[in-house]
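This report refers to the structure that appears directly beneath it.
Number of protein chains: 6
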Amino acid sequence: MSLTTDFNDYRQRMNERVLAYNNKVIKRFFNLDTNAYQAGAVPVKVKEMLGLACSLVLRCDDCVKYHLGKCHEEGLTDDEVFEVFSIANLIGGSIVIPHFRRAVEYWEVLRAEAALGAPGTHQAATHPPHEH
Amino acid sequence: MSLTTDFNDYRQRMNERVLAYNNKVIKRFFNLDTNAYQAGAVPVKVKEMLGLACSLVLRCDDCVKYHLGKCHEEGLTDDEVFEVFSIANLIGGSIVIPHFRRAVEYWEVLRAEAALGAPGTHQAATHPPHEH
Amino acid sequence: MSLTTDFNDYRQRMNERVLAYNNKVIKRFFNLDTNAYQAGAVPVKVKEMLGLACSLVLRCDDCVKYHLGKCHEEGLTDDEVFEVFSIANLIGGSIVIPHFRRAVEYWEVLRAEAALGAPGTHQAATHPPHEH
Amino acid sequence: MSLTTDFNDYRQRMNERVLAYNNKVIKRFFNLDTNAYQAGAVPVKVKEMLGLACSLVLRCDDCVKYHLGKCHEEGLTDDEVFEVFSIANLIGGSIVIPHFRRAVEYWEVLRAEAALGAPGTHQAATHPPHEH
Amino acid sequence: MSLTTDFNDYRQRMNERVLAYNNKVIKRFFNLDTNAYQAGAVPVKVKEMLGLACSLVLRCDDCVKYHLGKCHEEGLTDDEVFEVFSIANLIGGSIVIPHFRRAVEYWEVLRAEAALGAPGTHQAATHPPHEH
Amino acid sequence: MSLTTDFNDYRQRMNERVLAYNNKVIKRFFNLDTNAYQAGAVPVKVKEMLGLACSLVLRCDDCVKYHLGKCHEEGLTDDEVFEVFSIANLIGGSIVIPHFRRAVEYWEVLRAEAALGAPGTHQAATHPPHEH
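Protein chains in written order, with this note's numbering: chain A, 1025 to 1156; chain P, 1025 to 1156; chain C, 1025 to 1156; chain Z, 1025 to 1156; chain L, 1025 to 1156; chain R, 1025 to 1156.
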């Protein structure tokens, strides 16, 4: 198991458990979360950059991983990701640095897996519909 | 070792270490924390729901586990716990979701252990006096 | 104008402005927020206590005012409100104290206005449907 | 005095006071803050959207005002701004709503002043180099 | 009324209101807060610097004002205060800057009032026992 | 591998990866972070106590570990460290307690390793220049 499959498998398995309880507010909240990142006046790529920056300043490692996966799917370059990182580090301060280090580690795994894998297949496998 | 015994054993062992240093402010703070959750105008069950909701919006996994254990002892149903979860997710936002997933996992372990165990015994064993 | 009418008038006026932009995610989010506090397995009174405690530990003065208004409508006594305050201060720490002082000031205005007003009328006037 | 000039005048006056103390770390930090938002692999417009979203989830009214001013200069439309708002509200939760209301009020002042003013003049006057 | 007397008068008046409710947890918490800053292995001056830095990174204007008042009583120089500010800004990030500006404004009022006042009198008048 | 070497090795390895991307804002931010803790009007020992207290109230385990390592190098006694802990717990509240427990565990490992090791050697090995 890799860092990415561990993360995605746990998220998917627990999301199914969560939704099995049939709490309507939770179901609608998860659904709304998916809708918020869909294409609109702001393109998906920028929305995922927003999600990544907010996740970093709020220091949530899992949220950072999720949005890094999405940013990777959207084709962000290293330079683009690092400019998002730099703004998030400045806004959030040095308290963000340990989360930033883990973000870079995860980004490098995403890049390495993409280099190894058949083109176009990793996305469908690892990133189910937006549910955080 | 299970998720619950791992958590409780570490907490108990380290609380003993912490208190061994004899810092008076720390001792009184831990003691005050125990008192705040005792029965008063607001019943213990509601106080533990408050502790759970606050722990979720502040995104502290260990605090969530602690208060989930207490909520379980107080006999909260799945529906009640999920209504607390739904309010905490809405107030705290999607950044709470990864902590919510781990909370559901822990809640299910508590339920499974109670289903297996002799009635009335798990509480005494796993939940010593309130010290977070 | 009093502390309560200032707060409620601004909130109501700006909520109308916000919703006029017709952003679907925002509209559904505000709607979901209203639903989360409706009666269910957990009674409205307890849900508003959860909202109050979470607002205090997250240190949002306006959210505290909103939920204090609702707690007042639900008939919370001074003792009940102060037990919620005590748990929120302990969980959130002394950084909560300035917000706690403003909460007490607002609570006293709510109590004073209720003592002056015709019974049963202040609620309808000052607390429109839940929108934060 | 309007909401925008009050904000900008205070910020500019106090930034001058702050820098007068000649603390090198502070000076370099303010300077670095300016550099982070300059054009690079990510365009200025997107960087200011990142700044706005992060400011909202961290619930800093002054930071929100600052980045709204910049987003306005970058020509963001109502729809674009509201999609940033919607993502920030979802990530940060309902605790963000009071700050969101104040953000909408400030955005409407910016729009109204631009409608009244000579084209191209308000920016230079109200938004000095990036210093937060 | 000045910035300092406004702040201290409101704090003192509301602290009296708060304590009048006789909630034991609150009373003990306020008392513990006073004790924590008393001289021990760490001198009072350093403890107040800790209080100031923590208040800034947690972005609580009133807590910053309180600890600035205490740091002023402890005789901190401009250089010392600005080194505390610089560490707090770096750790907490640019989101701290608006609170930092207000801190500098308050610091300058404290310095100006001390320059005008009779030596040794302002402290007793403006800074009652530690209660935040 | 011990708790301290695990932590330091990962930090050092990832800092090298981070800096390899050559993002200028990041490089200058890391450099500024190192400078902020150097001796000035406030001694290094006090600056590290500030870093420790801020890391605790912001609840960042890795930042706590880093500053505990530095506080240990600066020769802080148990009493001094526990007075910093007590202020941080009071300001940040009981939500800090799980991080406080892990801090005490790490502090005891630092003390135990120093007791075993050759005097003066552990610092150079485990604490490279300040980069968080």
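Note that CB positions come from ideal geometry on N, CA and C, so glycine has one too.
Since we're looking at a predicted model, the values are computed, not measured.
Thinking C-beta only, is alanine 1060 (chain C) closer than 8 Å to leucine 1027 (chain P)? In this structure, the beta-carbon distance from leucine 1027 (chain P) to alanine 1060 (chain C) does not fall below 8 Å.
Cβ pair valine 1088 (chain A), glycine 1116 (chain A) closer than 8 Å: Contact: no.
Close-in-space but distant-in-sequence residues of the same chain around isoleucine 1111 (chain A) (CB under 8 Å, 5 per side omitted): For isoleucine 1111 (chain A), where only same-chain residues beyond five positions count, the Cβ hits under 8 Å are Ala1077.
Flag serine 1118 (chain Z) as yes if its beta-carbon sits less than 8 Å from any beta-carbon of chain D, otherwise no. Absent here is chain D; the protein component of the structure consists of chains A, P, C, Z, L and R.
Within the segment 1115 to 1139 of chain Z, note down every full beta strand (DSSP E) run reaching 3 residues or more, in order along the chain. If one requires a minimum length of 3 residues, no beta strand (DSSP E) run lies completely within the segment 1115 to 1139 of chain Z.
Kindly list, in the order they appear in chain R, the residues whose Cβ is closer than 9 Å to that of leucine 1114 (chain C). Under the 9 Å cutoff, chain R gives Gly1117 and Ser1118.
Output, in chain order, the set of chain Z residues within a Cβ distance shorter than 8 Å of valine 1049 (chain R). Within 8 Å of the CB of valine 1049 (chain R), the CB atoms of chain Z belong to Leu1056, Asn1059 and Ala1060, in sequence order along the chain.
Would you say asparagine 1032 (chain L) faces chain A, with C-beta separation under 8 Å as the test? Taking Cβ atoms only, chain A never reaches closer than 8 Å to asparagine 1032 (chain L), which makes this a no.
Aspartate 1102 (chain A) to glutamate 1098 (chain R), Cα distance in whole Å? Rounded to whole angstroms, aspartate 1102 (chain A) to glutamate 1098 (chain R) spans 38 Å at the Cα level.
State yes or no: is the beta carbon of methionine 1073 (chain A) nearer than 8 Å to at least one beta carbon in chain Z? Answer yes: the Cβ-Cβ gap between methionine 1073 (chain A) and chain Z drops below 8 Å somewhere.
According to the neighbour-count rule (16 or more other Cβ atoms, all chains shown, within 10 Å of its Cβ), is glycine 1141 (chain C) buried or exposed? It counts as exposed.
Residue of P:Arg1083, P:Val1049, P:Cys1084 and P:Cys1095 minimising C-alpha distance to valine 1068 (chain P): The shortest C-alpha to C-alpha distance from valine 1068 (chain P) to any of P:Arg1083, P:Val1049, P:Cys1084 and P:Cys1095 is the one to P:Cys1095.
Pair within 8 Å by beta-carbon distance, methionine 1038 (chain A) and arginine 1125 (chain P): Yes, Cβ-Cβ distance for methionine 1038 (chain A) and arginine 1125 (chain P) is below 8 Å.
Using a Cβ-Cβ cut-off of less than 7 Å, give me the residues of the segment 1086 to 1114 of chain Z that come near chain L, in sequence order. Cβ contacts with chain L: Asp1086 and Cys1087.
Tell me whether lysine 1071 (chain A) is buried or exposed, calling it buried when 16 or more other Cβ atoms sit within 10 Å of its Cβ. Here lysine 1071 (chain A) is buried: its Cβ has 16 or more other Cβ atoms, across all protein chains shown, within 10 Å.
Does any C-beta atom of chain P lie closer than 8 Å to the C-beta of leucine 1027 (chain C)? No, because no Cβ of chain P sits closer than 8 Å to the Cβ of leucine 1027 (chain C).
Measure from the C-beta of valine 1070 (chain L) to each C-beta in chain R and report whether the shortest distance is under 8 Å. Chain R, which has a Cβ nearer than 8 Å to the Cβ of valine 1070 (chain L), makes this yes.
Return no unless some Cβ of chain L is closer than 8 Å to the Cβ of leucine 1082 (chain Z). Yes, because at least one Cβ of chain L sits closer than 8 Å to the Cβ of leucine 1082 (chain Z).
Beta-carbon proximity list for histidine 1123 (chain P), same chain, < 7 Å, skipping 5 on both sides: Around histidine 1123 (chain P): Leu1080, Arg1083, Asp1085 and Val1088.
How would you list, in chain order, the residues of chain P whose beta-carbon sits under 8 Å from the beta-carbon of glutamate 1129 (chain R)? Result: Met1038 and Arg1041.
Buried/exposed call for glutamate 1040 (chain Z), threshold 16 Cβ in 10 Å: Exposed, since its Cβ has fewer than 16 Cβ neighbours within 10 Å.
Which whole-angstrom value describes the C-beta separation of leucine 1074 (chain Z) and leucine 1074 (chain A), a residue pair presumed to lie in contact below a C-beta threshold of 8 Å? Going by Cβ atoms, the distance from leucine 1074 (chain Z) to leucine 1074 (chain A) rounds to 6 Å, so yes, they are a contact pair.
Against chain R, with Cβ distances strictly below 8 Å, would arginine 1135 (chain A) count as a contact? No, its Cβ sits nowhere closer than 8 Å to a Cβ of chain R.
Going by Cα to Cα distance, which pick from P:Ile1119, P:Tyr1045, P:Val1120 and P:Glu1107 is closest to asparagine 1210 (chain A)? Coverage of chain A is limited to positions 1025 through 1156, which leaves residue 1210 (chain A) absent and any answer about it impossible.
Please check if any C-beta of chain Z sits within less than 8 Å of the C-beta of phenylalanine 1124 (chain C). Under the Cβ distance rule, phenylalanine 1124 (chain C) does not count among the residues neighbouring chain Z, no pair being separated by less than 8 Å.
Do you know offhand how far phenylalanine 1109 (chain R)'s Cα is from leucine 1056 (chain L)'s? If you take the alpha carbons of phenylalanine 1109 (chain R) and leucine 1056 (chain L), they lie about 14 Å apart.
Let me check you understand the geometry: is the CB of alanine 1112 (chain C) closer than 7 Å to at least one non-hydrogen atom of the ligand MN? This structure lacks the ligand MN, and indeed carries no ligand of any kind.
With 16 as the cutoff for other CB atoms within 10 Å, does alanine 1148 (chain L) come out buried or exposed? Note that alanine 1148 (chain L) scores 40 on pLDDT, short of 50, meaning its location in the model is unreliable and no value can be drawn from it.
Which residue's Cα is closest to the Cα of valine 1042 (chain Z): L:Tyr1090, L:Ala1138, L:Ile1121 and L:Lys1048? Nearest C-alpha to valine 1042 (chain Z): L:Ile1121.
With C-beta atoms as the reference, is glutamate 1132 (chain P) less than 8 Å away from valine 1066 (chain C)? Not closer than 8 Å, so no.
Threonine 1101 (chain L) - DSSP class collapsed to helix/strand/coil: The answer is coil: DSSP assigns threonine 1101 (chain L) none of H, G, I, E or B.
Endpoints, the alpha helix (DSSP H) within which alanine 1065 (chain P) is located: Judged by DSSP secondary structure, alanine 1065 (chain P) falls outside any alpha helix (DSSP H); it is assigned neither H nor E.
Among L:Ser1118, L:Ile1119, L:Arg1052 and L:Tyr1090, nearest to aspartate 1030 (chain L) - alpha-carbon criterion: Of the candidates L:Ser1118, L:Ile1119, L:Arg1052 and L:Tyr1090, the one whose C-alpha sits nearest the C-alpha of aspartate 1030 (chain L) is L:Tyr1090.
In three-state terms, what does DSSP make of serine 1110 (chain P)? The answer is helix: DSSP assigns serine 1110 (chain P) an H, G or I state.
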